[in-house]
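Below: one structure, written as structure tokens.
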Amino acid sequence: MNIFKKFIGSNSIEDLKNKIDYKRLPVHIAIILDGNGRWAKKRRIPRNLGHREGAKTLEKVVLFCNEIGIKYLTVYAFSTENWKRPKEEVDALMKLLKEFLDGFQEHLGKKNIKINILGDIRALPHDIQNEIIMVEKFSSKNSGLNLNIALNYGSRIEMLNAVKDIAVDIRNGRINEDEITEEIFSDYLYTKGIPDPDLLIRTSGEYRLSNFLLWQLAYTELLFDKVLWPDFSEEHLLSAIIDYQKRNRRFGGI
Ligand code: IPE
Ligand code: IPE
Ligand code: MG
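Heads up: the sequence shown runs through residues 2 to 255, numbered per our numbering.
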């Protein structure tokens, strides 16, 4: 069933806002923003224009999450597998990323949003690495939305690196193997200190996780929808939250 169609129907954005229980907002929303290429294909325009539109959507959704009081938003912007794409597309994505970061101080930083990158940034172009360091520092004292951008992120490599770091710490006597709990393991991931997502949204009609937050999503509510990322709107986000609030999270209990 198409959840978004069901809720949006004839409801205005204000109607949807009124249907939300603001005391029970998901603390952490994760989004696999997918479908930029197909959005462009439908319009017979280059894929890069789909990514450009997708970047605009991202900024809009980030601002909206901040406005309604979401504490954490994690978006999957570039996976460790996305390097397989043609060089022109990777270059175009890097260029867009640079523009997004350049515009951050102007548009998002002033709104009290704090930015944090998840992933191995050492493989990214140097100008982008510098930009990331600057933007993270610039926004580090902000207390509004925590925006985590997964860049050159892969969940398996994240866990593998955690295992290697733990092995080193055991060898150096910094930690004892009996002490390794789920909490300790989590501290070795990029997401250290960030609560697990309450809600995961994937756009574009694909029913898979594509190597995103495999550990962290253990008990997350999942929502898949056909909408292509550039078409995602505030109404879609509100509908997702309404749907989330109707669910009964049991965490293995009754
Ligand atoms: C998502 O859109 C953006 C990134 C992966 C960077 P896609 O580029 O995957 O769009 P589709 O899946 O080809 O439509
Ligand atoms: C997942 O989308 C990665 C990002 C959204 C950055 P993909 O489009 O790369 O995933 P697959 O290839 O369809 O699994
Ligand atoms: Mg895709």
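Glycine is no exception: its CB is placed at the ideal position from the N, C-alpha and C atoms.
All of these numbers come straight from a predicted model, not from anything done at the bench.
- Message: Can you give me the C-alpha to C-alpha distance between T186 and E107, rounded to a whole angstrom?
- Response: The sequence position of residue 186 within the sequence shown is 185, counting from 1. The sequence position of residue 107 within the sequence shown is 106, counting from 1. Checking the displayed sequence, the identity of residue 186 turns out to be Phe instead of Thr. Distance between the alpha carbons of F186 and E107: 37 Å.
- Message: I'd like the list of long-range same chain contacts for F79, defined as Cβ closer than 8 Å, with 5 residues on each side in sequence excluded.
- Response: Numbered from 1 along the sequence shown, position 78 holds the residue referred to as residue 79. Within the same chain, F79 has close Cβ partners L94, L98, G120, A151, L152, N153, Y154.
- Any heavy atom of ligand 2 closer than 7 Å to the CB of F233? Here residue 233 refers to the residue found at position 232 of the sequence shown. Every heavy atom of ligand 2 is 7 Å or more from the Cβ of F233, so no.
- Using only the heavy atoms of ligand 5, determine whether one of them is closer than 7 Å to the beta carbon of R45. Although ligand 5 was asked about, the structure shown includes only ligand 1, ligand 2 and ligand 3 as ligands.
- Report the rounded CA-to-CA distance for L201 versus Y220, giving the unit in angstroms. In the sequence shown, residue 201 corresponds to position 200, counting from 1. In the sequence shown, residue 220 corresponds to position 219, counting from 1. Roughly 10 Å between the two C-alpha positions.
- Is N249 helix, strand or coil when you go by DSSP? The residue given as residue 249 occupies position 248 in the sequence shown. Three-state DSSP puts N249 in coil, outside helix and strand.
- Item | F252, buried or exposed, once every other Cβ within 10 Å from all chains shown has been counted against 16 | Reading the sequence shown from its first residue, position 251 is the one you call residue 252. The residue in question, F252, is exposed, as its Cβ has fewer than 16 Cβ neighbours within 10 Å.
- Can you find a heavy atom of ligand 2 that lies under 7 Å from the Cβ of D35? On the sequence shown, position 34 is the one that residue 35 refers to. The answer is yes for D35.
- Inter-residue Cα distance where the pair is K43 and K6: Here residue 43 refers to the residue found at position 42 of the sequence shown. Here residue 6 refers to the residue found at position 5 of the sequence shown. If I take the Cα positions, the gap works out to 20 Å.
- Query: Can you give the beta carbon distance from P231 to G55, rounded, assuming they're within the 8 Å contact cut?
  - Reply: Numbered from its first residue, the sequence shown carries residue 231 at position 230. Numbered from its first residue, the sequence shown carries residue 55 at position 54. The Cβ separation is near 5 Å, so the contact holds.
- Could you give the C-beta distance for R203 and I33, rounded to a whole number, given that I count them as a contact under 8 Å? Mapped onto the sequence shown, residue 203 falls at position 202. Mapped onto the sequence shown, residue 33 falls at position 32. Their Cβ separation, rounded to whole angstroms, is 4 Å, which keeps R203 and I33 in contact under 8 Å.
- Message: Quick test of your reading: L30 and L74, contact by CB under 8 Å. State the CB separation rounded to the nearest angstrom.
- Response: Walking along the sequence shown from the start, residue 30 turns up at place 29. Walking along the sequence shown from the start, residue 74 turns up at place 73. Checking the sequence shown, residue 30 turns out to be Ile, not Leu. Between L74 and I30 the Cβ distance is about 5 Å, and since that is below 8 Å, they are a contact.
- Message: In the DSSP assignment, the alpha helix (DSSP H) including N147 goes from what residue to what residue?
- Response: On the sequence shown, position 146 is the one that residue 147 refers to. N147 -> not in any alpha helix (DSSP H); beta strand (DSSP E) instead, spanning 147 to 154.
- Query: Would you report the Cα separation of F213 and S156, rounded to the nearest angstrom?
  - Reply: To locate residue 213, count along the sequence shown from 1; it is residue 212. To locate residue 156, count along the sequence shown from 1; it is residue 155. Note on geometry: alpha-carbon atoms of F213 and S156 lie some 5 Å from one another.
- Item | Where the beta strand (DSSP E) containing E222 begins and where it ends | The sequence position of residue 222 within the sequence shown is 221, counting from 1. That run of the beta strand (DSSP E) goes 222 to 225.
- Message: Let me confirm a value: E159 is counted as buried when at least 16 other C-beta atoms fall within 10 Å, else exposed. Which label applies?
- Response: For this step, residue 159 is matched to residue 158 along the sequence shown. When all chains shown are included, E159 counts as buried.
- Message: In whole angstroms, give me the CA-to-CA distance for T182 and Y245.
- Response: To locate residue 182, count along the sequence shown from 1; it is residue 181. To locate residue 245, count along the sequence shown from 1; it is residue 244. Cα to Cα, T182 sits roughly 29 Å from Y245.
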